[in-house]
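Residue numbers (the numbering used here): 9 to 252. Where is the CB? At the ideal position from N, CA and C, for every residue including glycine. Since we're looking at a predicted model, the values are computed, not measured. Below you'll find the structure, written out as structure tokens, and then a few comments.
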Amino acid sequence: MLSEDLPGPRHRVEPADRSARQTSPQRQALADRVYESIKAMVMDHEIAPGARVGIEALSRDLQVSPTPVREALARLESDGLVVKRSQAGYRATELLTPQDLEELFEMRLLLEPKAAALAASNASEEQLDQLEQIVEDMRFRPGSGSRYAEYREFAVLDQRFHNTLAEAAGRPLLADAVERLHSHLHIFRLSSIPGAGEQTLAEHERIVRAVLRRIPDRTAEAMTEHLERSLERQRSRQEPPSFG
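Right, dumping it as structure tokens:
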């Protein structure tokens, strides 16, 4: 885990008394670091599922003013990782149940193969280049590790791949639905599964090859196979992931 993601003094992000003097890009960089630090705490269960998320306590731990903490929590609420209750502040969301996961993949299997097939017909050359670049970037990012910091970049690229493919379908409502479904995987708080990175990469490569050849049926089949194998990898867990 990165040093800025650890509790106590090592969680230091930026002294609060300097934030007022920061330029806009500096404030944005600070906001992003605070967001990633708190997100790591949630993903790694340093903030337990269902636990209250205290703004003042986080502000002290991260050594920042409450403002970037509030901004980060608003972003995490949009991600589905925290919920805001009236008069009760923020709490980390509860974990998805195995049944929730089954239903999530059931919906993905209804939508994403269709989106992939449409992408094979409708993707622009720029979008094809983007898909190829994402797959290339995934080759150089570790997809293993039980801590969020160890698999974060691979997970971000994985979500970008699915979102870009859905956008290439040329159906905005479909793309929005795919993006929302994929973001719900955050709530499951998955640690990486050994070997899953290599398998995911190979499956993405098969999808891209079919898209590049403009073969909708083959693209849909490759996406269906990818999602079914991904679900099987999650089912193979003997127990919920252990953090810390």
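9 Å Cβ cutoff met for residue i and residue j
i	j	result
Ala-177	Ala-228	no
Thr-208	Asp-145	no
Leu-89	Val-50	yes
Ala-157	Ala-39	no
Leu-81	Ile-63	yes
Arg-149	Asp-52	no
Ala-230	Arg-217	yes
Leu-220	Leu-126	no
Pro-33	Arg-243	no
As assigned by DSSP and simplified to three states, the class of residue i
i	result
Ala-174	helix
Ala-131	coil
Arg-1	In this structure the chain extends from 9 to 252, so residue 1 is not present and cannot be described.
Val-72	coil
Arg-222	coil
Buried/exposed call for residue i, threshold 16 Cβ in 10 Å
i	result
Arg-41	buried
Phe-162	buried
Phe-169	buried
Pro-76	buried
Arg-160	buried
Leu-139	buried
Glu-240	exposed
Leu-181	exposed
Ala-96	exposed
Asp-184	exposed
Of the residues the options, the one placed nearest residue i, counting alpha carbons only
i	options	result
Val-61	Ala-218, Glu-240, Leu-193 and Tyr-98	Tyr-98
Ile-215	Asp-87, Val-90, Gly-58 and Glu-120	Glu-120
Ala-128	Asp-87, Thr-172, Ser-86 and Arg-155	Thr-172
Ala-204	Glu-187, Leu-182 and Ser-238	Ser-238
Val-186	Gln-242, Pro-106 and Leu-235	Leu-235
Ile-46	Leu-66, Ile-142 and Glu-158	Leu-66
Ala-174	Pro-74, Ser-32, Arg-221 and Leu-117	Leu-117
Original post:
Touch check for the segment 106-118 and the segment 212-227: three-plus C-beta pairs under 8 Å?
Top reply: no
Subject >> Contact between the segment 202-221 and the segment 186-193 (3+ Cβ pairs under 8 Å) >> reply: no
Original post:
Okay, do the segment 41-59 and the segment 99-106 touch, 3+ Cβ pairs below 8 Å being the bar?
Top reply: yes
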